[in-house]
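Before any comments, here is the structure.
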Amino acid sequence: MKHWSSVSPPFSTSNCGSCETKKMTRLCNRNNNSKIWLLLLALIANGHTLKDTEFEPVEGICDTCTCTVRNESNAQYLSYSILDCSTKNLRHMLASWPDVFDNEQANQEIVFSLSGNDIKSLQQLPATEADLVFSCRHCNLTEMASGAFLDTPNIIRLDLSWNLLTGDALRPDVFRGKYAEQEYESIALDELDLSYNAVDFLDAALFEHMIHLRRLSLAHNPLKKLTDGTVTALGSISRLEHLDLSYAQLDDLPGEMFQKIEGLRELLVQGNQFTVVPSSIRLLKPTLMALYVGENPIQRLDEESFFDLDHLTQLNISGMPLLDDVDTGTFSGLKSLEVLSCTNNPKLVEFDMSDLKGLIRLRQLDISHCAIEHLRLDEPIPVQDETSDIAFIETFPKLRSVKLEGNPWHCDCELYEIIESIKHILEDDDEFQGPHHSSEARCETPYDLSALPLTELAGKSLCSTPPKKVPKIPIYEAPAFLRPRSIVLSLLSVVVVLLIGLIIGVIIVCIKRKLKENDFRFASPVRYTTVRNSTTSTILQA
């Protein structure tokens, strides 16, 4: 007990007061330090923000840019106001709208362009309630500010093509609208052009604030193999009507992308790496009306390629470097087809017209600039008489435009019958090249019909009598030494001369050998003796 009495109790009132005072002092010091640090951070952040939020001054902007305001005097021919600041060496977004623009008029439409300026970072657009069309093409954009369109809720068209935007720059918060009732509102964006950028993927939630989007272009971006996030993002645009994925280095289109899209009408996938027409396109059967699948390394098209796309009205299969086979039945199921473009396919040699006989809505057919020599038809088309077009109407009732030029046509009876059935189109088509035009469709074979226009071929009776040879003009005849008979006679003469020379050579060799043998047979032998033996023999004889 003495021990405790000599020392103050650990929980005495006086000690508690002292401890609390010290603690409060330390807390105050800490709070002061924290406030100082927070103030420094705020100043740094504020300085950084000021640096990032520099804007172009709006004073005198109409002297630099083109400002055209819609008013009562020009309302008859101008339906919108224009602020054109393209290629004006600007570096930032405008701080506000010029005074001449009525920013609060909800029924007004403004077309605003910053294209061709070195913007690099897209800042928040100035506030307006007007319908806005904004273009920032060729601006070297690499990043976009959060809430860039926060104060422009009625932006309807946005063109950000020909920039350097990547998937990381396209964040969902960039396109968010105003905050209301614990969530962000959607903007009114109807059309978005992101073509010619560096986008290789999309955030899965990229379009969550663009529920009204109907037209989207991602053409000429290195998407390659679509990521799960990209598929989810594209599949979330339920109101999408036009999708451009051309020249995106794609080799497949996952079916999940089209399961929630209810009204897609136009799909552009040309210039990719498809070796077959993607089967997932069939999921768009109820609504798809235009399909562009050209410039892909597809070698063969068959009845499965466009199976059951009975609402399709436009089909483009042009520019395929490997396409050499279009099977019978490829187009027979396209009952609503109106425009068929099959041009610039350098390996396509034949085209079957049988598939087109059932396409009663077909208006335009373009099979120009291929390697087509023959048009095939399973049944001959009955030739109409001079006063009736019944056969023509029954076969191609709405066909009004046919392009056949640029093919090495072999003019035979079958081609004659087909041309006869559509010659009215070839002669009356405003877009068809006139007679003797350099681009007019002409025969290439047989030789006697070479360069004859197909429209003139329709008057030739190829099926009843063989074609007569066109008299040759002497100036175009081959020289005498190049004619086949002269060439053959020349070759025979050379052969005869060689044979005669060979025979004479053999005879000369035989004669020489015979003479040598005779010389050795009649010659006397020569005897040789030494000088000593010859002298001794002479002395002895003496």
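Under our numbering, think of the first position of the sequence shown as 82, with each following residue one higher. Where is the CB? At the ideal position from N, CA and C, for every residue including glycine. Because the structure is a prediction, the values reported are computed rather than measured.
query = Should GLY248 be labelled buried (16 or more other beta-carbon atoms within 10 Å of its own) or exposed?
reply = buried
query = In whole angstroms, what separates the C-alpha of ALA532 from that of CYS524?
reply = 5 Å
Outcome for TYR528 when other beta-carbon atoms lying within 10 angstroms are tallied against a minimum of 16 = exposed
query = Between GLU224 and the rest of its own chain, which residues show a CB-CB distance below 6 Å, the 5 nearest in sequence each way excluded?
reply = SER202 and ALA250
key: Element boundaries [alpha helix (DSSP H), containing LYS144]   = Reading the sequence as shown, one finds Asp at residue 144 and not Lys. Element bounds for ASP144: 142-145.
message = Give me, in chain order, the residues of the same chain whose beta-carbon lies closer than 7 Å to that of LEU175; leave out the 5 immediate sequence neighbours on both sides.
response = PHE136, GLU137, VAL139, ILE142 and PRO207
ask   = How long is the line joining the alpha carbons of ASN377 and SER242, rounded to whole angstroms?
value = 23 Å
ask   = Can you name, in chain order, every residue of its own chain whose Cβ lies under 8 Å from the Cβ of GLY310, other than the five neighbours on each side?
value = PHE282, LEU283, ASP284 and ALA285
request  = Please name the residue or residues paired with SER194 in a DSSP beta bridge.
outcome  = ASP165 and SER216
Euclidean distance between Cα positions of LEU326 and PRO303 = 10 Å
ask   = Taking the alpha-carbon positions, what's the SER317 to GLY487 distance?
value = 44 Å
inquiry  = If you follow the beta strand (DSSP E) that VAL483 is in, where does it begin and where does it stop?
reply    = 482-484
message = Quick check on the burial criterion: 16 or more other C-beta atoms within 10 angstroms. Buried or exposed for ASN188?
response = exposed
request  = Taking 9 Å as the cut-off, decide whether the C-beta atoms of LEU294 and LEU270 are in contact.
outcome  = yes
task = Between the Cα of THR145 and those of ASN170, SER196 and ASP391, spot the shortest distance and give me the residue it belongs to.
result = ASN170
key: Identified DSSP bridge partners for ALA261   = GLU264
VAL350 in three-state terms, based on DSSP = coil
key: Residue environment, PRO359, which counts as buried when at least 16 other CB atoms sit within 10 Å   = buried
message = Given this structure, state the Cα-to-Cα distance separating PHE182 from THR394, to the nearest angstrom.
response = 43 Å
request  = May I ask you to report which of helix, strand or coil DSSP gives THR223?
outcome  = coil
ask   = Expressed to the nearest angstrom, what Euclidean distance is found between the alpha-carbon atoms of SER386 and SER177?
value = 53 Å
Neighbour-count burial assignment, ARG566, 16 or more Cβ in a 10 Å radius = exposed
task = Could you name the residues of the same chain whose beta carbon sits closer than 7 Å to that of ALA126, not counting the 5 residues immediately before and after it, in chain order?
result = Summary for ALA126: the model assigns pLDDT 45, below 50, so the residue's position carries little reliability, and this model does not support an answer.
key: Cα-Cα separation between LEU120 and LEU299, rounded to whole angstroms   = For LEU120, the pLDDT reaches just 47, beneath the cut-off of 50, and the residue's location in the model is therefore unreliable, although a value from the coordinates is still provided. Near 44 Å, if we compare the C-alpha coordinates of LEU299 and LEU120.
query = Among residues of its own chain, excluding the 5 on either side of ASP133, which ones have a beta-carbon nearer than 7 Å to its beta-carbon?
reply = Low confidence applies to ASP133: its pLDDT is 46, below 50, so where it sits in the model is not reliable enough to give any reading.
inquiry  = Between LEU396 and LEU415, how many whole angstroms is the CB-CB distance? I'm expecting something under 8 Å.
reply    = 7 Å
ask   = Is the beta carbon of ARG320 less than 9 Å from the beta carbon of GLY344?
value = yes
message = Checking 9 Å against the spacing of the C-beta atoms, do ASP405 and GLU384 come in under that value?
response = no
Spatial distance of LEU538 from CYS492 (CA atoms) = 8 Å
task = Using 10 angstroms around the beta-carbon of CYS220, count the other beta-carbons present and answer buried if the total reaches 16, otherwise exposed.
result = buried
query = If you follow the beta strand (DSSP E) that THR311 is part of, which residue opens it and which one closes it?
reply = Run containing THR311: none in the beta strand (DSSP E); it sits in the alpha helix (DSSP H), 309-316.
query = Cβ atoms of LEU239 and PHE215: under 9 Å apart, would you say?
reply = yes
query = What's the C-alpha gap between ARG346 and THR209?
reply = 32 Å
request  = Give me whichever residues DSSP pairs with PHE432 in a beta bridge.
outcome  = LEU456
query = Could one say the Cβ of ILE163 lies closer than 9 Å to chain B's Cβ atoms, at least one of them?
reply = Going by chain labels, chain B is absent from the structure shown, which holds only one protein chain.
key: Integer Cβ distance of SER167 from ARG151, believed to fall under 8 Å   = At roughly 19 Å, the Cβ-Cβ gap does not stay under 8 Å, so SER167 and ARG151 are not in contact.
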